[in-house]
Amino acid sequence: MSIRRLLAPVLDALLSLFSPAIGALSIAGPSGPRRLAPVSCSGPPPGDGGRRGVVSGADEGHGPTAVSVVPEVPDRDRGHRNEVVVVGRITAPPRVRILPSGDRLVSWRIGVARPRDPSRPGATGRVDSLTLVSFEERIVDRVSGWRRGSVVRATGALRRRIWRGALGVRSVLEVEVASVSPIGEGER
1 MSIRRLLAPV LDALLSLFSP AIGALSIAGP SGPRRLAPVS CSGPPPGDGG RRGVVSGADE
61 GHGPTAVSVV PEVPDRDRGH RNEVVVVGRI TAPPRVRILP SGDRLVSWRI GVARPRDPSR
121 PGATGRVDSL TLVSFEERIV DRVSGWRRGS VVRATGALRR RIWRGALGVR SVLEVEVASV
181 SPIGEGER
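Using the UniProt record's numbering, you'd call the opening residue of the sequence shown number 1 and step up by one each time.
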């Protein structure tokens, strides 16, 4: 059995977990892209005029939302990509920790509003809470003064950390940030 077939269910589970938060996705496979939602990450969406990415944000009155399409980048590993772009409001301010190695780690949480369900009028909007982390000094320095309520755009990759603690084996899924920029201001 190929490694691709072994990992496909795991990837499908991860994508189903995050697809409401990050929008439409597709997986590049040996027989071409397999659609997981109405829009594909492996090419421009219908009517996109040939552009390679579409960004949705806080322009529809529903608060910040996740970016739904990531630009395609040719990959020497046969289409394997781990790219995440999220836009959301900071719900837990950045916290810097110094690791035993001397490296600094910054972590913070953002809330990403899900699109409202038109079939449920009056329902409150749902929000996905995502933890963002970075070991890069430039990002640690940049975000350490940001405040709760600020709207930010972050790009990076999904990372699962697994460790053994007092309560047994634990794991967490985080976005390891490669770049981040503020979009709106938070609390003063």
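The beta-carbon is built from N, C-alpha and C at its ideal position, and this holds for glycine as well.
Computed from a predicted model, the values in this text were never measured in an experiment.
Whose C-alpha, out of the options, is nearest the C-alpha of residue i?
| i | options | result |
| --- | --- | --- |
| E83 | S179, I183, G184 and D117 | S179 |
| residue 258 | E136, G122 and V112 | Nothing in the structure corresponds to residue 258, since the chain is present only between 1 and 188. |
| residue 221 | P182, V85, G79 and V86 | Absent from the structure is residue 221, since the part of the chain shown begins at 1 and ends at 188. |
| R104 | V169, R160, R153 and R138 | R138 |
| R114 | R153, S129 and R97 | S129 |
| R153 | V96, V106 and V85 | V85 |
| R147 | W108, H80 and L99 | W108 |
So, using beta-carbon positions, are residue i and residue j closer together than 7 Å?
| i | j | result |
| --- | --- | --- |
| E185 | T131 | no |
| G145 | I110 | no |
| G125 | R116 | yes |
| V172 | R161 | yes |
Using a beta-carbon distance below 7 Å, is residue i in contact with chain C?
| i | result |
| --- | --- |
| G184 | Of the protein chains in the structure, only one exists, and it is not chain C. |
Going by DSSP, what residues sit across from residue i in a beta bridge?
| i | result |
| --- | --- |
| I98 | R104 |
| residue 198 | Since the first residue of the chain shown is 1 and the last is 188, residue 198 is not available in this structure. |
| A154 | V86 and V180 |
| G168 | G165 |
| V175 | L132 and L158 |
Assuming residue i and residue j are in contact, meaning their beta carbons sit under 8 Å apart, how far apart are those beta carbons, in whole angstroms?
| i | j | result |
| --- | --- | --- |
| G149 | V177 | That belief does not hold up - the Cβ atoms of G149 and V177 are roughly 19 Å apart, past 8 Å. |
| S134 | V140 | 6 Å |
| V96 | V106 | 5 Å |
- Query: Taking one C-beta from the stretch 163 to 172 and one from the stretch 90 to 110 each time, how about it: are there three or more such pairs within less than 8 Å?
  - Reply: no
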